[in-house]
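Working notes, structure below.
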Amino acid sequence: MNYVSQILPSLISGTGTTLSIFFWTLIISVPLGILVGLGMITNFKPLTWLIDVYVWLMRGTPLLLQLIFVFYGLPIIGIVFQRYDAALFAFILNYTAYFAEIFRGGLQAIPVGQYESARVLRLTNWQTLRKIVIPQVVKIVLPSIGNEVINLIKDSSLVYVIGLGDLLRAGNVAMARDVTLVPMVLVAVIYLLLTAVCTVVLKRLEKHYSAWR
Amino acid sequence: MLELKNITKRFAGKLILDGVNLTVNDGQILTIVGPSGAGKTTLLRCISGLEETDSGDFFLDGQPFNPVTNRNNDTVIGVVFQDFQLFPNLTVLQNVTLAPTMVLKQSKAEAEATAQRLLKQLNLDGKADLYPYELSGGQKQRVAIVRALAMRPKLLCYDEPTSALDPDLRKEVEEIILKLKAEGMTQIVVTHDIPFAESIADQMLRVEAKS
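Keeping their order, the protein sequence lines are chains X and C.
The first sequence lines up with residues 3 to 215 when you count with the numbering used here.
The second sequence lines up with residues 164 to 374 when you count with the numbering used here.
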């Protein structure tokens with residue numbers, strides 16, 4: 003118990019980094035994902051082609067490689083990021099691609115008739131999107147988004163590769179120093195708590211959206 | 164009064180509407196009948212601005228207008244779709260008040276008062292807070308009519324209003340359409356149901372399938 007309270011502060015500080023990567027990635031890449039998803043269903047070929055290439059790159063290569071590339075690779079051509087910014091940049095790029103694919107699927111599930119019925123009521127495209135399309139898309143994609151959200155918490159541990167002190171790294175350091183498995187068990191418990199909170203929040207959201215069908 | 168002159172529409176080179184001419188007088192009911200594939204729905208979609216025509220002219224009260232680009236709120240053409248297309252994420256009341264508040268800039272209170280009055284008129288009192296999935300087919304259709312009416316249209320169009328309903332509801336639709344006519348609403352009804360068309364029409368337009 004004494005040992006636990008000894009290492010807990012460093013683990014909590016690591017959790018802070020993990021959560022910060024998690025929140026900022028989520029807050030930025032979900033709206034970006036909607037925008038890119040909208041871009042995928044336009045008829046403007048150069049745009050859809052560009053997005054296809056982007057999504058292919060982001061989903062076709064490991065996130066770990068992308069992190070290394072952003073932090074160690076980009077400085078070669080003169081683009082230098084701080085560790086934390088590099089991590090955030092890579093995560094946002096990567097997760098936006100996944101979210102965009104999910105939102106594209108959701109957007110395509112909305113019947114054309116909904117747009118037409120909004121059109122004859124003279125709603126603008128933006129009003130149609132905001133009041134009719136997005137709420138229906140969110141309901142459809144919520145389970146898939148939930149999956150990505152849980153993945154994101156765990157994926158954030160990849161930032162160790164560019165030397166950021168996240169939760170897993172804090173556990174790793176303690177384990178190597180003290181030659182005990184206890185820190186790793188604690189780290190696992192903290193991850194489980196974090197994903198449990200996410201699961202509860204997502205369930206609540208799904209319940210909220212179950213008022214209509 | 165709505166006039167169509169020489170309306171032509173092709174899909175992928177196939178002639179669907181071949182020089183359609185028609186006139187609907189104020190307060191009258193025009194029914195468009197014909198076999199499926201004859202272009203009834205296409206004609207309705209052209210009138211409501213959901214489809215571009217290849218040639219021809221539209222006149223509303225003698226003024227030329229283009230239904231596709233027309234955004235003038237004084238010349239609204241209301242549409243009741245075959246499958247209603249209510250917004251599932253909004254309650255009945257929100258379905259009806261959304262466009263009047265966002266497009267006509269009515270206050271929430273004003274839009275809701277109008278909506279409640281229209282809902283009552285079409286026997287939908289007490290349904291305002293339900294979501295579309297909680298309604299029967301006939302009720303959904305009446306909500307769709309109320310939603311269109313709330314925009315104070317010059318003209319109300321129906322696409323196959325009887326086809327998604329039980330046969331015994333046909334009479335009910337007929338009564339609603341005639342009731343709106345009595346209040347002065349100009350209406351265009353597309354249907355393949357000829358007895359139904361005959362019982363409501365002031366004027367019938369038969370479209371034939373092109374070979």
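Even glycine gets a Cβ: it sits at the ideal position worked out from N, Cα and C.
Nothing here was measured: the structure is a model prediction, and the numbers come from that model.
So with CB distances below 9 Å, who are the chain C contacts of residue i?
i             : result
A92 (chain X) : Ordered by position in chain C, no residue passes the 9 Å Cβ test against A92 (chain X), which lies about 35 Å from the chain.
Please state the DSSP three-state secondary structure of residue i.
i              : result
V183 (chain C) : strand
V161 (chain X) : helix
K271 (chain C) : helix
Q84 (chain X)  : coil
Q116 (chain X) : helix
K47 (chain X)  : helix
L40 (chain X)  : helix
K177 (chain C) : strand
E323 (chain C) : coil
L196 (chain X) : helix
G18 (chain X)  : helix
Tell whether a beta-carbon distance below 8 Å holds between residue i and residue j.
i              : j              : result
V243 (chain C) : A311 (chain C) : yes
V122 (chain X) : S211 (chain C) : yes
R369 (chain C) : G197 (chain C) : yes
G35 (chain X)  : F105 (chain X) : yes
A99 (chain X)  : I164 (chain X) : no
I155 (chain X) : T197 (chain X) : yes
I240 (chain C) : P230 (chain C) : yes
L185 (chain C) : L193 (chain C) : yes
N236 (chain C) : V266 (chain C) : yes
If the cut is a Cβ gap below 8 Å, which residues of chain X does residue i touch?
i              : result
L213 (chain C) : E118, R121, V122
R305 (chain C) : Those within 8 Å of R305 (chain C) in chain X number zero; the least Cβ separation is about 15 Å.
V353 (chain C) : Those do not exist, as V353 (chain C) stays about 14 Å from chain X at its closest Cβ, beyond 8 Å.
Taking 8 Å as the CB-CB cut-off, is residue i touching chain C?
i              : result
W26 (chain X)  : no
L109 (chain X) : no
Q129 (chain X) : yes
Can you tell which of the options has its C-alpha closest to the C-alpha of residue i?
i              : options                        : result
P137 (chain X) : X:L170, X:R85, X:T182, X:L207  : X:L207
T17 (chain X)  : X:L183, X:R215, X:Y162         : X:Y162
A175 (chain C) : C:V196, C:N233, C:D217         : C:D217
V255 (chain C) : C:R369, C:G347, C:K303, C:I339 : C:K303
T238 (chain C) : C:L165, C:M367, C:Y294         : C:L165
Q191 (chain C) : C:R315, C:N233, C:Q226, C:I340 : C:I340
N188 (chain C) : C:F359, C:N169, C:I351         : C:I351
L204 (chain X) : X:A176, X:L66, X:V151, X:I134  : X:V151
Using a Cβ cut-off of 8 Å, pull out every chain C residue sitting near residue i, in sequence order please.
i              : result
A213 (chain X) : Y294
G115 (chain X) : F244, D246, Q248
I112 (chain X) : None at all; the shortest Cβ gap to chain C is about 10 Å.
Looking at the C-beta of residue i, does it have a partner C-beta in chain X at a distance below 8 Å?
i              : result
V183 (chain C) : no
R154 (chain C) : Here chain C has residues from 164 to 374 only, and residue 154 (chain C) is not among them.
M314 (chain C) : yes
V239 (chain C) : yes
Mind pulling the chain C residues with CB within less than 7 Å of residue i?
i              : result
P137 (chain X) : N252
L125 (chain X) : A262, M265, V266
K133 (chain X) : L261
What does residue i reach in chain X if we use C-beta pairs closer than 7 Å?
i              : result
M367 (chain C) : Result: empty, since nearest Cβ-Cβ is about 24 Å, beyond 7 Å.
Spell out whether any CB of chain A is found under 8 Å from the CB atom of residue i.
i            : result
Q8 (chain X) : Going by chain labels, chain A is absent from the structure shown, which instead holds the protein chains X and C.
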